[in-house]
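Notes follow the structure.
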Amino acid sequence: MAANGTPADNGTANAMNVGIVGAGIAGLSAGIALRRAGHHVEIYEKSTFKREIGAAILLTPNANRILRLWGFDFDKARPVDFKQYRYVNGTSLEVKDRDSFEGVEERFGARMCAYHRVDLHSGLRELAEKEGATINLGAEAVNVKPEDGNVTLQSGQTVEKDLWILADGCRCPFLETISGEENPTKKIGKSVYRWLAPMEKVLEHPDAKKLWEGEGAGFCTFFEPQAGITMVTYPCRDSTLLNCAVFHETRVEEINALDWNANTTHERVLQALENCHDVVKHIPRTAEQMKVYTVTQRPPSKRIWKGRMLCVGDTVHHMLPTHAQGGCAALEDAAALEVLFGASTISPGAADLAKRLELYTQLRLPRSATTQILSSTNPWLTMDQVAKKTEEIRKFYKGDLVDWPKGLEPWSSPIREFFYGYDVVGDAEEAMKYRYSGKLPESWKWFGEVEKAMDG
Ligand SMILES: Cc1cc2nc3c(=O)[nH]c(=O)nc-3n(C[C@H](O)[C@H](O)[C@H](O)COP(=O)(O)OP(=O)(O)OC[C@H]3O[C@@H](n4cnc5c(N)ncnc54)[C@H](O)[C@@H]3O)c2cc1C
1 MAANGTPADN GTANAMNVGI VGAGIAGLSA GIALRRAGHH VEIYEKSTFK REIGAAILLT
61 PNANRILRLW GFDFDKARPV DFKQYRYVNG TSLEVKDRDS FEGVEERFGA RMCAYHRVDL
121 HSGLRELAEK EGATINLGAE AVNVKPEDGN VTLQSGQTVE KDLWILADGC RCPFLETISG
181 EENPTKKIGK SVYRWLAPME KVLEHPDAKK LWEGEGAGFC TFFEPQAGIT MVTYPCRDST
241 LLNCAVFHET RVEEINALDW NANTTHERVL QALENCHDVV KHIPRTAEQM KVYTVTQRPP
301 SKRIWKGRML CVGDTVHHML PTHAQGGCAA LEDAAALEVL FGASTISPGA ADLAKRLELY
361 TQLRLPRSAT TQILSSTNPW LTMDQVAKKT EEIRKFYKGD LVDWPKGLEP WSSPIREFFY
421 GYDVVGDAEE AMKYRYSGKL PESWKWFGEV EKAMDG
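Under UniProt numbering, the first residue of the sequence shown is numbered 1, with each subsequent residue one higher.
If you want it as structure tokens, here you go:
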């Protein structure tokens, strides 16, 4: 600490020992960010990474911009750039709607591309290790003491750190301890059949060319109104695999399929696609394994830190996949950590840490809460429902709203502006100007004092 009471700019002299619970997108990204910020980082992951998640994930420019900043190896991860979106009648194959993503990269300065989840995860893991983070596998956290900075592992070992990041996903059992409120995840009545189909085999069907020939990579989303089915498909891993997800009403036997590993059968999937064109039904037949996942969501949290612990990623902002923003928001969280918790700017001890945690909350919570609410909207909401959503958003955000109701459409240009154009690093750097007060100014377009806004 300098004599005048302001933190000294002393490089990594104030490096903290940081522990991270969970090595998903949020935990690995936080690890990369906090290493880059100059801290010692140890990650504790309960699994052994042996179960492969056979699914893809789309990252939009707001997230890929962060990966690029970190020197992520895109070539190795083999993502597929999105050029278009098509909405196709699953029975007649008539294209009902389409939109182009040409120009998205130029407009937002980064790619919009889909990864095999394993490729993204492996790339993040390699980067975290390259940056010097230690990853402990088979290390499940079973208890936390936020004020003491202690986490107890399944092995019985208790680990103390200066700062803990809880990134253990949407079913984090510690959230209530941190936030002081019950906020369980809620099922929305929909489940997803999902699989990865080998593109080569998909294209063997005589009618497949009608769907993919001459089309740029991206979404080919089928709808079948009679059964109320939406089947989202898009390619990943150098276009060798087609990621498929059939959203349908949850069946009784799927109610507890809450992780990514529950199996289902081809028969069930084909039953859901009963009224679809044969080429649509051909797609699941090309894949070996069918999985099912029951969709949940949670309203925004009021508090996300306590003592020496901060929640990030799905732990805080579990949302519907409508706009493909859950993983993107986890990357934004990490980018904010890197700026707000730099070892060269933070002072040792509890007082400055508390200020930074509060500043982080003011920066991230209103944005991620707004993202959660927007992710629970759709173009079929009534005007009353839109008004209610607007009211919810106004608890967090006082800036311009995206061109209602056009902005409710997932891939529309207003929604792209809102999500893809968001510069979390720029906002975090701006927020750093207020780090001594620990409070953002009134003019900030996000409501800093979230708890007060939500209670009021
Ligand atoms: C159907 C669907 C499609 C989606 N599509 C997209 C998309 O296209 N784009 C996008 O950006 N987002 C998408 N998302 C959201 C995205 O998948 C999540 O937001 C993201 O994976 C959350 O990452 P996380 O690291 O916070 O949580 P998780 O991925 O859940 O990771 C948590 C990690 O913590 C570990 N863990 C749990 N408990 C403990 C413990 N006690 N101790 C130690 N470790 C523990 C877990 O094993 C896991 O590795 C989608 C979600 C769904 C459901």
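We put the beta carbon where it would ideally sit given N, CA and C, even for glycine.
Rounded separation between residue i and residue j - CA only
i	j	result
residue 54	residue 363	34 angstroms
residue 276	residue 227	10 angstroms
residue 192	residue 292	5 angstroms
residue 295	residue 387	25 angstroms
residue 67	residue 244	25 angstroms
residue 297	residue 208	35 angstroms
residue 279	residue 59	28 angstroms
residue 378	residue 250	19 angstroms
residue 90	residue 224	5 angstroms
residue 19	residue 269	42 angstroms
residue 350	residue 257	41 angstroms
residue 100	residue 133	40 angstroms
residue 200	residue 77	20 angstroms
residue 11	residue 17	Confidence at residue 11 is low in this model, with a pLDDT of 46, below 50, so the placement of that residue should be treated as unreliable; the coordinate-derived value is given next. Each residue's alpha carbon lies about 15 angstroms from the other.
residue 38	residue 138	26 angstroms
Chain-order list of residues whose beta-carbon lies under 8 angstroms from that of residue i (same chain, five-residue window excluded)
i	result
residue 158	150, 151 and 152
residue 94	88
residue 86	95, 97, 98, 215, 218, 219, 220 and 221
residue 181	301, 302 and 303
Integer-rounded CB distance, given that residue j should sit under 8 angstroms from residue i
i	j	result
residue 283	residue 402	With 8 angstroms as the limit, residue 283 and residue 402 do not qualify as a contact, their Cβ atoms being about 33 angstroms apart.
residue 337	residue 25	The Cβ separation is near 14 angstroms, so there is no contact.
residue 428	residue 312	Actually they do not touch by this definition, with Cβ atoms about 14 angstroms apart.
residue 164	residue 308	6 angstroms
residue 119	residue 237	6 angstroms
residue 80	residue 198	With a Cβ gap of about 15 angstroms, residue 80 and residue 198 do not count as contacting.
Residues near residue i in its chain [Cβ-Cβ closer than 7 angstroms; skip 5 each side]
i	result
residue 179	301, 302, 303 and 304
residue 440	362, 431, 434 and 448
residue 29	124, 330, 331 and 334
residue 323	374, 375, 410, 415 and 419
residue 14	343, 346, 347 and 348
residue 154	140 and 142
Residue j beta carbon less than 9 angstroms from that of residue i
i	j	result
residue 213	residue 135	no
residue 110	residue 62	yes
residue 222	residue 229	yes
residue 128	residue 32	yes
residue 358	residue 438	yes
residue 265	residue 290	yes
residue 399	residue 445	yes
residue 116	residue 242	no
residue 188	residue 273	no
residue 190	residue 248	yes
residue 175	residue 316	yes
residue 389	residue 369	no
Residue i CB to nearest heavy atom of ligand 2 below 8 angstroms
i	result
residue 46	As for ligand 2, it is missing from this structure, which binds only ligand 1.
Cβ shell of residue i (< 6 angstroms), same chain only, five flanking positions each side left out
i	result
residue 310	165 and 357
residue 73	123
**Study point:** Residue ranges of each beta strand (DSSP E) within the segment 138–188, 3 or longer
**Key:** 141–145, 150–153, 158–160 and 163–166
Review point. What are the complete alpha helix (DSSP H) segments, minimum 4 residues, inside the segment 303–356?
Key: 314–317 and 326–340
Exercise for review: List in chain order: all unbroken alpha helix (DSSP H) runs of 4+ residues lying wholly within the segment 49–112.
Suggested key: 61–69, 74–77 and 104–108
Review point. Whole alpha helix (DSSP H) runs in the segment 235–281 with 4 or more residues, listed along the chain?
Key: 266–272
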